[in-house]
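In this note's numbering, the protein residues as written are 9 to 171. All C-beta atoms in this analysis are idealised placements derived from N, C-alpha and C, irrespective of residue type, glycine included.
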């Protein structure tokens with residue numbers, strides 16, 4: 009039963025007509041504290057239909073930014089829980105540079121917790137979200153553009169090695 013449900017979900021997310029929906033969901037979930045990368049989904053949809061380049065980049069940026077805002081909200085709500093951590097150097101750094109630190113929300117491993125800490129410190133919400141969106145959008149644009157320059161033959165060889 010579980011295997012058929014997972015198979016159905018994967019088939020649904022792989023359907024070309026829901027490519028943007030899949031990119032949005034994957035980008036949103038990957039921006040929360042769940043360890044998931046959204047770049048492969050973004051690249052796959054763009055590679056399948058390059059006419060969707062800007063739409064996919066935009067949808068991924070919006071989904072990933074909303075996920076960052078969710079992290080921010082979790083941090084905002086968790087202030088009492090982490091009160092003893094207030095003296096760490098991360099907090100001093102975040103307090104010093106404020107919402108601009110959210111430009112680093114795109115970084116693997118530290119970007120999502122950084123959004124959570126920004127909420128915990130109650131950095132201004134809308135400027136934080138704007139900086140998250142800028143950083144995340146630039147990441148998707150850069151990563152996808154670079155991956156599109158890799159010749160198709162390389163991807164086919166990688167696929168053959170993995171299968």
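Along the chain, where does the alpha helix (DSSP H) that runs through residue i open and close?
i          : result
residue 72 : 61–85
residue 48 : 47–56
So what's residue i in DSSP terms, helix, strand or just coil?
i          : result
residue 27 : helix
residue 44 : coil
residue 6  : The question about residue 6 has no answer, for the chain in this structure spans 9 to 171.
Select from the options the residue whose C-alpha is nearest the C-alpha of residue i.
i           : options               : result
residue 177 : 122, 136, 155 and 165 : What the structure shows of the chain is the stretch from 9 to 171, and residue 177 is not part of that stretch, so it cannot be assessed.
residue 80  : 99, 168 and 120       : 120
residue 75  : 42, 65 and 117        : 42
residue 141 : 158, 45, 64 and 71    : 71
residue 137 : 157, 78, 151 and 63   : 78
residue 82  : 123, 66, 108 and 53   : 123
residue 133 : 57, 109, 64 and 66    : 109
residue 34  : 67, 12 and 11         : 67
residue 126 : 150, 87 and 149       : 87
residue 69  : 59, 168 and 150       : 150
residue 135 : 117, 158, 111 and 157 : 111
Take residue i and list the residues in its own chain whose beta-carbon comes closer than 7 Å to its own, dropping the five residues that flank it on each side.
i           : result
residue 106 : 131
residue 129 : 99, 102 and 103
residue 51  : 152 and 155
residue 49  : 30, 31 and 34
Please work out which residues of its chain come closer than 6 Å, Cβ to Cβ, to residue i, disregarding the five sequence neighbours upstream and downstream, and give them in chain order.
i           : result
residue 114 : 143, 144 and 147
residue 59  : none
residue 36  : 71, 74 and 75
residue 53  : 27, 31 and 64
Kindly list the residues whose CB is nearer than 8 Å to the CB of residue i, restricted to its own chain and excluding five residues on each side of it in sequence; keep chain order.
i           : result
residue 198 : Coverage of the chain is limited to positions 9 through 171, which leaves residue 198 absent and any answer about it impossible.
message = What ranges does the alpha helix (DSSP H) occupy inside the stretch 106–159, keeping only unbroken runs of at least 4 residues that lie completely in it?
response = 119–128 and 133–156
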